[in-house]
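Chemist: The structure that follows is given in the form of structure tokens.
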Amino acid sequence: MTTMAMNVAIRAAIDSMLDRDDDMVVFGEDVGYFGGVFRCTDGLQAKYGERRVFDTPIAEGGIIGIAVGMGAFGLRPVVEIQFADYVYPGLDQLISEAARLRYRSAGEFTAPLTVRMPVGGGIHGGQTHSQSPEALFTHVCGLKTVIPSTPYDAKGLLIAAIEDDDPVVFLEPKRLYNGQFDGYPDRAIVPWADHPLGDVPDEYYRIPLGEAAIRRAGADVTVLAYGTMVGVAEAAAAETGVDAEVVDLRSLLPLDTAAIERSVAKTGRCVIVHEATRTSGFGAELMATVQELCFYHLEVPIERVTGWDTPYPHAQEWDYFPGPKRVGAALRRVMEAAT
Amino acid sequence: MTTMAMNVAIRAAIDSMLDRDDDMVVFGEDVGYFGGVFRCTDGLQAKYGERRVFDTPIAEGGIIGIAVGMGAFGLRPVVEIQFADYVYPGLDQLISEAARLRYRSAGEFTAPLTVRMPVGGGIHGGQTHSQSPEALFTHVCGLKTVIPSTPYDAKGLLIAAIEDDDPVVFLEPKRLYNGQFDGYPDRAIVPWADHPLGDVPDEYYRIPLGEAAIRRAGADVTVLAYGTMVGVAEAAAAETGVDAEVVDLRSLLPLDTAAIERSVAKTGRCVIVHEATRTSGFGAELMATVQELCFYHLEVPIERVTGWDTPYPHAQEWDYFPGPKRVGAALRRVMEAAT
Amino acid sequence: MDDVGDPLRFHVPAPSARPGEEPDFSYLTIAGPGETRRPDVDVTGVEARDLADGLIRVLDDDGLAVGPWAPDIDAEHLRRGLRAMVTTRAFDDRMLRAQRQGKSSFYMGSRGEEAVSVAQSLVLAEGDMYFPTYRQQGWLIARDWPLVDMMCQLFSNEKDRLHGRQMPVMYSVRDAGFFTISGNLATQFVQGVGWAMASAIAGDTRIASAVVGEGATAEADFHHALTFAATFRAPVILNVVNNQWAISSFQGIAGGDESTFASRAIGYGIAGLRVDGNDYLAVVAASRWAAERARTNHGPTLIEWVTYRASAHSTSDDPSKYRPRDEWKAWPLGDPVDRLAAHLVAIGEWDHDRHEALVADVDETVKAAAKEAEGYGTLLDGHLADRRDIFEDVFAEMPAHLRRQRDEMDRLA
Amino acid sequence: MDDVGDPLRFHVPAPSARPGEEPDFSYLTIAGPGETRRPDVDVTGVEARDLADGLIRVLDDDGLAVGPWAPDIDAEHLRRGLRAMVTTRAFDDRMLRAQRQGKSSFYMGSRGEEAVSVAQSLVLAEGDMYFPTYRQQGWLIARDWPLVDMMCQLFSNEKDRLHGRQMPVMYSVRDAGFFTISGNLATQFVQGVGWAMASAIAGDTRIASAVVGEGATAEADFHHALTFAATFRAPVILNVVNNQWAISSFQGIAGGDESTFASRAIGYGIAGLRVDGNDYLAVVAASRWAAERARTNHGPTLIEWVTYRASAHSTSDDPSKYRPRDEWKAWPLGDPVDRLAAHLVAIGEWDHDRHEALVADVDETVKAAAKEAEGYGTLLDGHLADRRDIFEDVFAEMPAHLRRQRDEMDRLA
Ligand SMILES: Cc1ncc(C[n+]2csc(CCOP(=O)(O)OP(=O)(O)O)c2C)c(N)n1
Ligand SMILES: Cc1ncc(C[n+]2csc(CCOP(=O)(O)OP(=O)(O)O)c2C)c(N)n1
Ligand SMILES: [Mg+2]
Ligand SMILES: [Mg+2]
């Protein structure tokens, strides 16, 4: 057991899989010699060689297309997109190819890729270093989408993603790489070293895809969250004193609908939070799921707390970010709403 | 007034705008000399010349990127993506550029493009000629998304889309190009010539973006539909005898939430139908919107009738297509559900 | 600053002939048979630049093999290639007819281009992987892949290994080294490079060969393929089939009027060959050269195959709307089947009667295969793949939400 | 079929030197000053192929202008360029310091590359449109765009015309012919071609110039730009700034070891020039040539500017992790500021004292501008753009759902 920051836990997962599986290769922009702009592959080229960990040309479409071909050959590529904001040039290979290969070839060819990318804001990255495009991936049949909120989960989920025989999009909340975050940028961050969930086993372990985790048990309202918003939701619950049950979804597809149903059936109230823009965000699918599964349990309308339907602004990012104040206000509203 | 098929009405809209606005240009794959694989630009190059209507290299990313540059210069490009299934290589230019230009330059540069593309199945096109990716577009702030269900609307909405100073994605239900469709592939199609809404004024007119149309007034259940599914919903209502109010959204973003609220407040029941895959489809956003606006009016759970979460199959496309039987079953369910 | 002069002009390339006009192929630069040099396979891309403007041809007007590219190849092999091309053509004809009869929803012919896929299929080794477009059925036929199996895919019947999911012609035949065809243009081009890089990473000996049409070279994945192939010296053959047309747009719309497609290789330091794609022996020779180059760690080769799409783009297409009806007849590089047959005759390994017999035999074979395949079902009789297969193979294991959706479908039935 | 030989090897390009090693630029082919020929501007792309392997240089070791590319240019113009480069460098230094002090969130310097943007800015005409990357601040400074306005963008303060929405350096200055900078690499490259095509369609006389880094040439939009520019003969200059590094990856990772970036033009039939980007006079000459070519309907020109990124990639980057600390000092093409100053001295139009005075004056100007801009607010004091501006300019008119969301934000405040 070692305490690790989230980027270190991610590196540990990749390291242990490179060690276990000779067919695994790692590549992307600046991931080789340099070790990645967020250091997630630091030292791995030195340890495993250029044959298995290397830099690529700057072409997200090329990176994913190459990975699809390598997967068809029988390798297990783990690629990094430097920021999720730059995945769009690679979407055709991801949607039309990686996600379709098994289906259209009736299993003759498959694409066991893992596509890692940092998501979310809070680092003054402006509109092209802050996006959260998870909703797009979850609309694509044939893709799985995973997003951790702690170093422990990051390692266990990433190992499961790499071992999965289908393409998995692995989203890394960049605001959490170095520490837990309660949504208050002015407060000093709690480094993972001082956080219980910063304890990460050194050995190999996996967390199955599709199982949510209850971060805070509560009786009055269910908060569905993932990634950076999990810590924000916990902070909002603490501040408002609302007895919220904070469900960390961890995997968006497959989705742990049983855990969602259990919690909302109990609380009868639900607040859904994400950092992405609201319209057609993953919160919409969650809201649909909850009302399909729990309609007769719902006491009050489900609420969404999300990023605004605008690009992520640079200077005003904390007015954009759905912080504890906004989540707290929603918690109060659902508690006070007429039933 | 002339009766026109939908592709002819689309051509009429482009023709009248080419005539009115010298800055408008039309280009895409096979749209020039040949007039488009669905004939939507037939004869326009001969009429307006290669300077304004021309064929391009086969590169959707290039087509949209070129259009963004032309828009910044001051032209008004109307481009065709041959099938919506092929828009993915162009998504980066559409999402990161066209939809962001005005915002990031504070209005110094804008992208007044219209990006036309055929959507939907029912022509034995298999997984790469049948897709309905509207949900992806509606998640992108800065984009508008429009989809007609009749020739009359096609012309009026396309003219409004072309005149709009922001990028508009104009989706054309290819199953409706030649005639109305009730969802029964074995029945002879009703050519638009024999359909009241096939009557299209010859002169210029526009239908404002963001206004839904009631296709069938009803008291018991609201059906939210668009494109091909409007006719299917009408057929399902007729068959089941359920007094459904069929709302044709026409514009998904901006969305006519007032019309939705009015109808559901009246009926207390809602069925949402679309051809796209279910998870994170636009139906999720509609369901979220309805429960946010009409929670206290809802008698029973909202239902979604959609394409399955699989690629669009070739031979089994009618098992995939959410036809009148499936919509009708949902209508019955919401009528019989416990309140 | 420059002073500003005349108004700018907008240039839109135009084909040499449109419907009603005389076919005109004077735009093609055609080197004579044997004229283009043959460097060793370890040549660098920079040293090979001139080949991108040449035209590798072996067969002269008398049907004899001439020049440095004349391959060492026996008549038996050539007759096998001839049979494969004749079979491909008969297969196309029959399947086009079947589509018109409503037995399948769609078809795409390869008339005039058969040599490009057939010859390379017989050159590459077992285990190598081909990343084709929808017009390389010749590869499968050359490898004697059962015609019945191909037809079952076209008819989407119960024996279709792809369970009716894919449109006709979108074959996937791993056992024949034939990668699953995508409906999205050019995606396979970079995938082939990735497969080849993987083979190198694994220290394997297998190489890849990827195909794209001249029109689709404009897609991003063409550039991705060349960039990655060059940077990592991938053991791959990059085939550009320049059949002059991309549906209704001629090769100039893809930039072909400004420079050859083979020359696209130059800027990446990749060796680029321009080859007569209707000259079976030239296709063999250039494919061998590129394959040896790849297999001996000398890197990728881009080959532009100069040919002509004699068939309509697909059964949805009517070429008479955009090109002279008889343009194919004026094609200066002839017909690959006739030219190979003439060569075999010229070297005394073939004659008229044997050819007649071959054609008759092939027609019988194709007819018999069609009869059998139709027996398993066609779009007409509706003996189609099972609806429940819709939900298989989306993922390795079917997740809960797909099981629920399948149950929902079952309940409705 | 080929017989199968030795195992394949995987090739990964490696830079000539890593931290701790001796800088080594022997991989660069460097023609002597005046050695590369200068064809007329109506040359075809095919006729110009050799230029892609040359290196257009004007300044010799004595600082004199030699050879066919030596431009006709007066000292006044050169002093203006020198001042702009010196100002750009001073501006960079000060803004890097301001970022370290927390006044801005981010910055990107252009040290060593100033000539590329400054010289072309003074060559192109008013009304022409430049599609820059984030490293062409020199263009704005050369056109005397107010430094204060640029700094207000960097500080995201109340006077930032972009309302704090954009990261620092993502300027948009339509009035200076400077297109809004995108955070997404290479997208502007094809947009510039589209803008140029539009100018031709409109029968206008304005041309476009688009810029991309050598690393970003691997992106799809590089290929799209060249394909469309070639097919439609767009009046555009396509600049590839080869500063040897793309964050931590050297130019070989983008394919630069296999062929020059200028040679990428060849396959499209576009004229490609390889130019010493640190030779101010060469930049002027090549830019004039390409601009005249575009304006006289002779089509696009691709120019590879050979230079070196002396600064860190950005304030988030630490180059000592991936390249020799002093690599810049070993750069064989020197410093553009020193070389232009030396030329002016050599022709008797400049001297040490005047240079000292220039530097001092420029520092004063930049300092004064910074003082003023900081007065309007910086990230430190939080006098930032208005939060309500978040919702403006998403659309021409704010739709209902955005008004509702803005109200929601207001209620919370
Ligand atoms: C990404 C994408 N865009 C457009 C299409 C539609 N389309 C199918 S084939 C074709 C023409 C391709 O021409 P070419 O590459 O020359 O190949 P050929 O048909 O001549 O063999 C087009 C535009 C597609 N299938 N995929
Ligand atoms: C589409 C995209 N992918 C990746 C990045 C991240 N990124 C920013 S700059 C850069 C390196 C660019 O290098 P180069 O093109 O050589 O330009 P230079 O920085 O040297 O001027 C990278 C990878 C990005 N901004 N956009
Ligand atoms: Mg073609
Ligand atoms: Mg660079």
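Chains as they are written, first to last, in this note's numbering: chain A, 1 to 339; chain B, 1001 to 1339; chain C, 2001 to 2413; chain D, 3001 to 3413. Backbone N, C-alpha and C define an ideal beta-carbon position, used for all residues, glycine too.
Enumerate in chain order the residues of its own chain whose CB-to-CB distance from G1126(B) is below 6 Å, with the five nearest sequence positions on each side excluded.
Modeler: H1314
Chemist: Any beta carbon from chain C within less than 8 Å of D19(A)'s own beta carbon?
Modeler: For D19(A), no CB of chain C lies under 8 Å from its own CB, so it is not counted at the interface with that chain.
Chemist: Cβ atoms of V1334(B) and C1294(B): under 8 Å apart, would you say?
Modeler: no
Chemist: Quick check on DSSP: helix, strand or coil for C1270(B)?
Modeler: strand
Chemist: If we call anything under 8 Å between Cβ atoms a contact, is H274(A) one with G281(A)?
Modeler: yes
Chemist: If you drop the 5 nearest sequence neighbours on each side, which residues of the same chain put their C-beta closer than 7 Å to that of T2(A)?
Modeler: V200, D202
Chemist: Would you please verify whether the beta carbon of Y3130(D) is less than 8 Å from any beta carbon of chain C?
Modeler: Output row for Y3130(D): interface = no.
Chemist: Starting from L2082(C), trace the alpha helix (DSSP H) both ways and give me its first and last residue.
Modeler: Looking at the DSSP string, the run of the alpha helix (DSSP H) that includes L2082(C) is 2075-2100.
Chemist: M2108(C) and S2314(C) - do their beta-carbons sit closer together than 8 Å?
Modeler: yes
Chemist: Report all residues from its chain with a CB closer than 6 Å to the CB of V3118(D); omit the five preceding and five following residues, and keep chain order.
Modeler: G3081, A3084, M3085, G3138, A3142
Chemist: Among the residues of its own chain, which have a CB less than 6 Å from the CB of G1231(B), if the five just before and after it don't count?
Modeler: Q1180, F1181, D1182
Chemist: What does DSSP give as the partner residues of L2302(C) in its beta bridges?
Modeler: Checking the DSSP bridge columns, you'll see L2302(C) partnered with L2238(C), G2272(C).
Chemist: With H, G and I counted as helix, E and B as strand and the rest as coil, what does DSSP make of D1248(B)?
Modeler: strand
Chemist: Going by CA-CA distance only, name the one from D3006(D), F3010(D), Y3027(D), R3018(D) that's closest to W3256(D).
Modeler: A small correction: the amino acid at residue 3256(D) is Gly; Trp does not occupy that position in the sequence shown. Taking only the C-alpha atoms, the option nearest G3256(D) is Y3027(D).
Chemist: Whole-angstrom Cβ separation of A1160(B) and L1209(B), contact assumed at under 8 Å?
Modeler: About 5 Å; that satisfies the 8 Å criterion.
Chemist: If you run the structure through DSSP and keep just helix, strand and coil, what is T1277(B)?
Modeler: Three-state result, T1277(B): strand.
Chemist: What is the DSSP secondary structure of G3127(D), counted as helix, strand or coil?
Modeler: coil
Chemist: Taking DSSP as the reference, what is the three-state secondary structure of L113(A)?
Modeler: Coil, per DSSP.
Chemist: Below 8 Å CB to CB, which residues in the same chain sit around I3270(D) once its five sequence neighbours on both sides are set aside?
Modeler: G3045, L3226, A3229, A3230, L3238, G3299, P3300, T3301, L3302
Chemist: Taking a cut of 8 Å between CB atoms, which residues from the region 2068-2095 of chain C lie near chain D?
Modeler: Listed by position, the residues of the region 2068-2095 of chain C near chain D (Cβ gap below 8 Å) amount to none.
Chemist: What would DSSP say about F1034(B), mapped onto helix, strand or coil?
Modeler: coil
Chemist: Starting from I1214(B), trace the beta strand (DSSP E) in both directions and tell me its first and last residue.
Modeler: DSSP places I1214(B) inside the beta strand (DSSP E), whose first and last residues are 1213-1216.
Chemist: With a threshold of 8 Å between beta carbons, is F3222(D) in contact with chain C?
Modeler: yes
Chemist: Let's test the definition: count the other Cβ atoms within 10 Å of the Cβ of I3347(D) and tell me whether it reaches 16, buried, or not, exposed.
Modeler: exposed
Chemist: Please state whether the Cβ-Cβ distance between A1005(B) and P1151(B) is less than 8 Å.
Modeler: yes
Chemist: Quick one: list the residues of chain A neighbouring G2192(C), beta-carbon separation under 7 Å, in chain order.
Modeler: G69
Chemist: Spatial neighbours of F2025(C) within its chain, please: CB distance less than 8 Å, with the 5 preceding and 5 following residues excluded, ordered by chain position.
Modeler: S2016, A2330, W2331, P2332
Chemist: Decide if Y296(A) is buried, meaning its Cβ has at least 16 other Cβ atoms within 10 Å, or exposed.
Modeler: exposed
Chemist: Taking Cβ-Cβ distances shorter than 7 Å, what residues in chain B pair up with R2387(C)?
Modeler: Q1316, D1319
Chemist: Taking 8 Å as the cut-off, does the region 2176-2190 of chain C touch the region 2198-2215 of chain C (at least 3 CB pairs, one atom from each stretch)?
Modeler: yes
Chemist: Checking contacts by CB at 8 Å: is M3001(D) closer than that to chain B?
Modeler: Because the pLDDT at M3001(D) is just 43, under 50, the model does not fix this residue reliably, and the value given afterwards should be weighed accordingly. At a cut-off of 8 Å between C-beta atoms, M3001(D) does not count as an interface residue with respect to chain B.
Chemist: Sorry if obvious, but does the Cβ on G2334(C) come closer than 7 Å to a heavy atom of ligand 2?
Modeler: Exclusion of G2334(C) from the 7 Å shell around ligand 2 follows from its C-beta lying no nearer than that to any non-hydrogen atom of the ligand.
Chemist: Use the C-beta contact count for R3339(D): other C-beta atoms within 10 angstroms, 16 or more gives buried, fewer gives exposed.
Modeler: buried
Chemist: How about R116(A): is its Cβ closer than 7 Å to a heavy atom in ligand 2?
Modeler: no
Chemist: Span of the alpha helix (DSSP H) holding K3367(D)?
Modeler: 3352-3375 is the extent of the alpha helix (DSSP H) around K3367(D).
Chemist: Have a look at G2054(C) and R1052(B) and give me their C-alpha separation to the nearest angstrom.
Modeler: 36 Å
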